[in-house]
Structure formats: structure tokens, C-alpha cells
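Q: In the UniProt record's numbering, the protein residues as written are 1 to 260. Pasting in a structure now, in C-alpha cells, and then I'll have a few things to ask.
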Amino acid sequence: MNDKKMTFSDKFQDKLGIFADKVNRNIYVTAIRDAMLAYMPFTFIGSIFLIIAFFPIVQVTDFITSIFGPTWVDKLLYVNNATIAIGGLIVVISLAKSLAEKLETDVLQCILTALVSFLLLTPLDVNETGSFINMTKIGAQAMFLGIIVSIVTVLVYKKIDEKDIKIKMPGTVPPAVSKPFESIIPSFIVVTLFFIVRLMLEVGLNTEAMALINGTLGIPLTMVGGSLFGMVFIKIFEQFLWFFGLHGSSIVQAVTDPIH
């Protein structure tokens, strides 16, 4: 009887509540959520310095420039470069930690292995002065790559660890010494896996991991990006990413900016 009196809105909210509960119970979704929450304070810190650097009142910026000189904005951007600009790197570390804890495997080694694997998939840029990592390749645009790398790293590491494939030290060896040796084989297999992936992308497809992932994501966005419906779809997709704790605007704009 009560079911018959339920409105469409009530039924929708009920179904949505069931879906949300299932999502909240998924260890991968919660691990991603926790990782993004860990990243959030640094976006807040970086944003404060950005607001100061690009203060909307011209008179204020002119006054500060008269005191500290024209380079004060560049100095404030140091903080942005160490927080918001390395969002992908922070997510790799925090997601690997969160998921490793949930799967009850070696947290520190999973973090380090995920970090090494992520950097392995990030080609260096080269100019006349030497080689360097482009900040855009470890920032918000690299979050999808970071998420994939962290999840794959922890899952593979956990699987190998469960099979007890490791270098075993005598029982008299202290855990602080034996544990790093036990992690050599799992970490070696994970790093080798991503090394093979990079070679396949470079040789077979002449591309890199971040470009492939963002490009694949950009296919449906590119197809609809030039229409009113497309713009609505893009904004909805941004909010969908925010729902899961991802920086929707930065990720989507990395793909859609070339369209416009």
C-alpha cells in the first residue's frame, strides 16, 4: 500500500540511495575518494596563493608590486607549482596508500612502486639545456593515468604477495631488513610490466600513456564538443567526475581545450 503512494521522486531517491550505498561500499571508489580528499588540502593551499598572486583589484596588486617588485607574482607561484601543479603525483601516492591499506598489503612498497611506475610512464622532455619532467604530465591532466597506475600496482603487488613469490630471508634476520628484500620480486614484476607497456606505446603506437588515456577519453567529448548538446554533456560529465572526487574541470578541460 505504501509503495503505491510513493511518488516518482520518492522512488528515484530510494534507488539513488541504494546505488550510493553500493558505491560507498566499493573499495576502489572509496580508495579514490580518500585519495582525492588527501589531495584537497593542497589545492586549497595552492588556491590561496593563486588568489593573492592574481588579486582581482588592480590597485592592490600595483601597491604590492611597488613594495616587492615585479617578480613577486612568480615567487607566489612556487607554492602552486608544488601543490596544484603536481596533483597527479599526489593522487598516485595517496591512492596507492589507501588501496594498499584496504587490501592489507605492504603500504610503503606499494606507494614507492606506484610512484616509480607512474614516472616510468612519463617521458622526459628534452631541450638544449637537458632533460626534465613537464609539469603538465604530473598535474591534474595526469590524474586518470595516476589512478590506473596505482590500482594496477597494488592489485598486481597483492596478487604476487599472496602467492608468496618473494626472496625469503632466515628467521634470524630482523623484519626491518627482511621486508625490503621480500618486496624486490613483486616490485620488479610491477615495474617491468609498466616498462613493457611504455615500450609498446612508444614502438607500436608512437604515443605515451597519458596522451593515450586522455585521447581515448576525449573521443566522445570531441564528437559532441561543438554543439549545445555537447557543451551540456561536457558539463554533466565534469560534475560526474566531481561526484567521485575527481577534479572534473581540470581533467575535462585538458581534453576539450583543443576543441575550442
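The beta-carbon is built from N, C-alpha and C at its ideal position, and this holds for glycine as well. The structure displayed is predicted, hence computed values, not measured ones.
With DSSP as the reference, please indicate the residues paired to Ser131 in a beta bridge.
A: Sequence index remark: in the sequence shown, residue 131 carries index 131 (1-based). According to DSSP, Ser131 bridges with Val126.
Q: In this structure, how does DSSP classify Pro56 when only helix, strand and coil are distinguished?
A: Position 56 of the sequence shown, counted from the start, is the residue given in the question as residue 56. Note: Pro56 maps to coil in three-state DSSP.
Q: Under 8 Å between the Cβ atoms of Ser117 and Val203?
A: Taking the sequence shown and counting its residues from 1, the one referred to as residue 117 is at position 117. Taking the sequence shown and counting its residues from 1, the one referred to as residue 203 is at position 203. In this structure, Val203 does not lie closer than 8 Å to Ser117 by Cβ.
Q: Identify the continuous alpha helix (DSSP H) that holds Asp161 and give its terminal residues.
A: Sequence index remark: in the sequence shown, residue 161 carries index 161 (1-based). Note, Asp161: alpha helix (DSSP H), 143–162.
Q: What's the gap between the Cα of Gln59 and the Cα of Thr65?
A: The count along the sequence shown starts at 1 and reaches residue 59 at position 59. The count along the sequence shown starts at 1 and reaches residue 65 at position 65. Distance between the alpha carbons of Gln59 and Thr65 is about 10 Å.
Q: Who are the Cβ neighbours of Gly88 in its own chain at under 6 Å, not counting the five residues just before and after it?
A: What you label residue 88 is simply residue 88 of the sequence shown in a count that begins at 1. Ile138, Gly139, Ala142, Met143, Gly146, listed in sequence order.
Q: Taking the alpha helix (DSSP H) that Ala114 falls in, what are its first and last residues?
A: Reading the sequence shown from its first residue, position 114 is the one you call residue 114. Taken as a continuous stretch (DSSP letters only), the alpha helix (DSSP H) holding Ala114 covers 107–120.
Q: How is Met169 classed by DSSP in three states: helix, strand or coil?
A: Taking the sequence shown and counting its residues from 1, the one referred to as residue 169 is at position 169. Correct three-state label for Met169: coil.
Q: Measure the beta-carbon distance from Ile84 to Phe132 and round it to whole angstroms, keeping in mind my assumption that it falls under 8 Å.
A: Taking the sequence shown and counting its residues from 1, one reaches residue 84 at position 84. Taking the sequence shown and counting its residues from 1, one reaches residue 132 at position 132. Going by Cβ atoms, the distance from Ile84 to Phe132 rounds to 19 Å, so no, they are not a contact pair.
Q: Does Gly87 come out as helix, strand or coil in the three-state DSSP assignment?
A: The residue given as residue 87 occupies position 87 in the sequence shown. Three-state DSSP puts Gly87 in a helix.
Q: For Tyr28, which of Ile213, Ala100, Leu108 has the nearest alpha-carbon?
A: Here the question's residue 28 lines up with position 28 in the sequence shown. Among Ile213, Ala100, Leu108, the Cα nearest to that of Tyr28 is on Ala100.
Q: Locate the alpha helix (DSSP H) running through Val203, then write down its first and last residues.
A: Indexing the sequence shown from 1 puts residue 203 at position 203. Unbroken run through Val203: none, as it is neither H nor E.
Q: Where Asp161 and Phe55 are concerned, what is the direct C-alpha to C-alpha distance, given to the nearest angstrom?
A: As a working note, residue 161 is residue 161 in the sequence shown. As a working note, residue 55 is residue 55 in the sequence shown. Roughly 52 Å between the two C-alpha positions.
Q: Can you find the residues in the same chain that come closer than 8 Å, C-beta to C-beta, to Thr216, ignoring five residues on each side of it along the sequence?
A: Taking the sequence shown and counting its residues from 1, one reaches residue 216 at position 216. Counting only Cβ-Cβ distances below 8 Å, and skipping sequence neighbours, we find nothing.
Q: According to DSSP, is Thr71 part of a helix, a strand, or is it coil?
A: Counting from one through the sequence shown, the residue named residue 71 turns up at place 71. If DSSP states are grouped into helix, strand and coil, Thr71 belongs with coil.
Q: Under a three-way DSSP split, which group does Ile138 fall into?
A: As a first step, residue 138 must be located in the sequence shown, where it is residue number 138. The answer is coil: DSSP assigns Ile138 none of H, G, I, E or B.
Q: Tell me, please, whether the region 71–80 touches the region 92–107 by the rule of three or more beta-carbon pairs shorter than 8 Å.
A: Contact fails: fewer than three Cβ-Cβ distances are below 8 Å.
Q: Could you give the C-beta distance for Cys110 and Val154, rounded to a whole number, given that I count them as a contact under 8 Å?
A: Working through the sequence shown from its first residue, we reach residue 110 at position 110. Working through the sequence shown from its first residue, we reach residue 154 at position 154. Going by Cβ atoms, the distance from Cys110 to Val154 rounds to 5 Å, so yes, they are a contact pair.
Q: Tell me the rounded alpha-carbon separation between Pro186 and Leu193.
A: Along the sequence shown, read from residue 1 onward, the residue named residue 186 stands at position 186. Along the sequence shown, read from residue 1 onward, the residue named residue 193 stands at position 193. Those two C-alpha atoms are separated by around 11 Å.
Q: Taking Cβ to Cβ, would you say Leu115 is nearer than 8 Å to Ile93?
A: Mapped onto the sequence shown, residue 115 falls at position 115. Mapped onto the sequence shown, residue 93 falls at position 93. Against a cut-off of 8 Å, the Cβ pair of Ile93 and Leu115 comes out as a contact.
Q: Just verifying my parser: in three-state terms, what is the DSSP assignment at Ser183?
A: Stepping through the sequence shown from its first residue, residue 183 is reached at position 183. It is coil, neither helix nor strand.
Q: Of the choices Thr71, Leu50, Thr122, Leu95, whose alpha-carbon is the least far from that of Val197?
A: As a position in the sequence shown, residue 197 is number 197, starting the count at 1. Cα-wise, what sits closest to Val197 is Thr122.
Q: Determine the DSSP secondary structure at Thr7, reduced to helix, strand or coil.
A: Numbered from its first residue, the sequence shown carries residue 7 at position 7. Note: Thr7 maps to coil in three-state DSSP.
Q: What's the gap between the Cα of Thr7 and the Cα of Thr30?
A: Mapped onto the sequence shown, residue 7 falls at position 7. Mapped onto the sequence shown, residue 30 falls at position 30. Spanning the two alpha carbons is a distance of roughly 31 Å.
Q: Count the other CB atoms, across all protein chains shown, that sit within 10 Å of the CB of residue 300; report buried if there are 16 or more and exposed otherwise.
A: Examination of residue 300 is not possible in this model, given that the chain is present from 1 through 260 alone.
Q: Roughly how many whole angstroms lie between the Cα atoms of Glu238 and Met36?
A: If you number the sequence shown from 1, residue 238 lands on position 238. If you number the sequence shown from 1, residue 36 lands on position 36. Whole-angstrom Cα-Cα distance: 15 Å.
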